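S.K.: Here you go, one structure.
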Amino acid sequence: MNVLCSALILSAQKIYLFIFITIGGLFTALARSVTMSYSNHSMGSGSRTARRTFEFGRTHVVRPKGKHQATIVWLHGLGDNGSSWSQLLENLPLPNIKWICPTAPTRPVAVLGGFPCTAWFDVGELSDDGPDDLDGLDASAAHIANLLSTEPADVKLGVGGFSMGAATALYSATCYAQAKYGNNSPYPVNLKAVVGLSGWLPGSRSLRNKIEGSHEAARRAASLPIMLCHGMNDDVVAYNYGERSAHCLSSAGFRYLTFKAYDGLGHYTVPKEMDEVCTWLTARLGLEGCHS
Ligand SMILES: *[C@@H]1O[C@H](CO)[C@@H](O)[C@H](O)[C@H]1NC(C)=O
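Read in our numbering, the sequence shown has 256 at position 262, and its numbers run on one by one without any break.
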């Protein structure tokens, strides 16, 4: 059986996942999880003692066609993999960006009744009150930071993603602002741009207090450019949820935030949206374009 747990349905503060099951591919789903392994040993001593270890999947890299000015880690949605996005990103008119497209660990996902699926963190019920899988979020944020930490010093760093990947990118933004992960280990990377398509903000309830409690966190939050895009007809991660995440971020102090709503757009991307992402990235990262 191949399980493509691709649709995350949000309705009345609850999410439902549609599981598409076809015969013959479970082995593919499992086989893709072992190329790159990572254990969160580098995260220092936090308050959690029993740590889980996550096996991340294959990482796909799209080399810049022009002068390398920025590197962005791009995160896929639930049940997807890095390869499908690398093909789309390769064709964007952004010759100065190197894209790193990792694949999430295959893990049991609570909302699927524990069925294994590529996921950046575990997700049960998604609501403002819902518990967040901080261990999973921290491990993915650390994996992303590791991928960025070996880039040349003069290259600007960013993170972006779609759906659950967008949620993980936004979580990374909150770690960057606070200069630490949820488990209090230091966050090592200097982010210059964050993009979230059709996603949501994990840990939104406590964010404002955490940022307002520190001048340094407020300063970092205010200076980090974030672009959020959401389809108004999204039947997977509801538009209201994206809008509420944007509001929550800006009221917590992420004031350098662009929110774009797309009339008629569902839980997918369209060229108009990707064009606007390209324009935004080019401006925010000061990219030279083809003239280099
Ligand atoms: C990646 O996901 C796509 C669907 O988005 C699928 O068609 C493809 O087979 C997957 N690749 C791997 C290596 O699992």
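Note that the Cβ used here is the ideal one computed from N, Cα and C, for glycine as well. Keep in mind the model is a prediction, meaning the values are calculated, not measured.
Give a single yes or no on whether S77 has its beta carbon closer than 8 Å to a heavy atom of ligand 1.
M.R.: Correct: S77 has its Cβ closer than 8 Å to ligand 1.
S.K.: Going by other Cβ atoms of all chains shown within 10 Å of its Cβ, with 16 needed for buried, is N184 buried or exposed?
M.R.: It counts as exposed.
S.K.: Assign H54 to one of two classes, buried (16 or more other C-beta atoms within 10 Å of its C-beta) or exposed (fewer than that).
M.R.: That one is buried.
S.K.: So G76 is in the beta strand (DSSP E); what residue range does that whole segment cover?
M.R.: It is not in any beta strand (DSSP E) - G76 instead sits in the alpha helix (DSSP H) that spans G76 to E84.
S.K.: What are the complete alpha helix (DSSP H) segments, minimum 4 residues, inside the segment 127 to 153?
M.R.: Runs of the alpha helix (DSSP H) inside the segment 127 to 153: 128 to 143.
S.K.: Look at the Cβ atom of I220, then the Cβ atom of L281, and state whether they are nearer than 9 Å.
M.R.: Result no, Cβ atoms of I220 and L281 do not sit closer than 9 Å.
S.K.: Based on DSSP bridge pairs, tell me the residues matched to Y235.
M.R.: Its beta-bridge partners do not exist; DSSP assigns none.
S.K.: At 4 residues or longer, what runs of the alpha helix (DSSP H) sit wholly inside the segment 203 to 279?
M.R.: Qualifying alpha helix (DSSP H) stretches, in chain order: 209 to 217, 233 to 245 and 265 to 278.
S.K.: Expressed to the nearest angstrom, what Euclidean distance is found between the alpha-carbon atoms of V271 and T144?
M.R.: When rounded, the distance between both Cα atoms is 25 Å.
S.K.: Any idea if S239 is buried or exposed, counting beta-carbon neighbours within 10 angstroms, 16 or more meaning buried?
M.R.: With 16 or more other Cβ atoms within 10 Å, it is buried.
S.K.: In this structure, how does DSSP classify R101 when only helix, strand and coil are distinguished?
M.R.: Strand, per DSSP.
S.K.: How would you label G107, buried or exposed, when you count the other beta carbons within 10 angstroms and need 16 or more for buried?
M.R.: Burial call: exposed.
S.K.: Per the contact definition of three or more C-beta pairs closer than 8 Å, is the segment 124 to 143 in contact with the segment 107 to 116?
M.R.: Segments in contact, yes.
S.K.: Could you check whether the Cβ of R323 sits closer than 8 Å to any heavy atom belonging to ligand 1?
M.R.: An answer regarding residue 323 cannot be provided, because it is not within the stretch -5 to 286 covered by the chain.
S.K.: Helix, strand or coil: how does DSSP classify T53 here?
M.R.: Coil at T53, not helix or strand.
S.K.: Between the C-alpha atoms of V56 and W79, what's the straight-line distance to the nearest angstrom?
M.R.: Using only the alpha carbons, I get a separation of about 10 Å.
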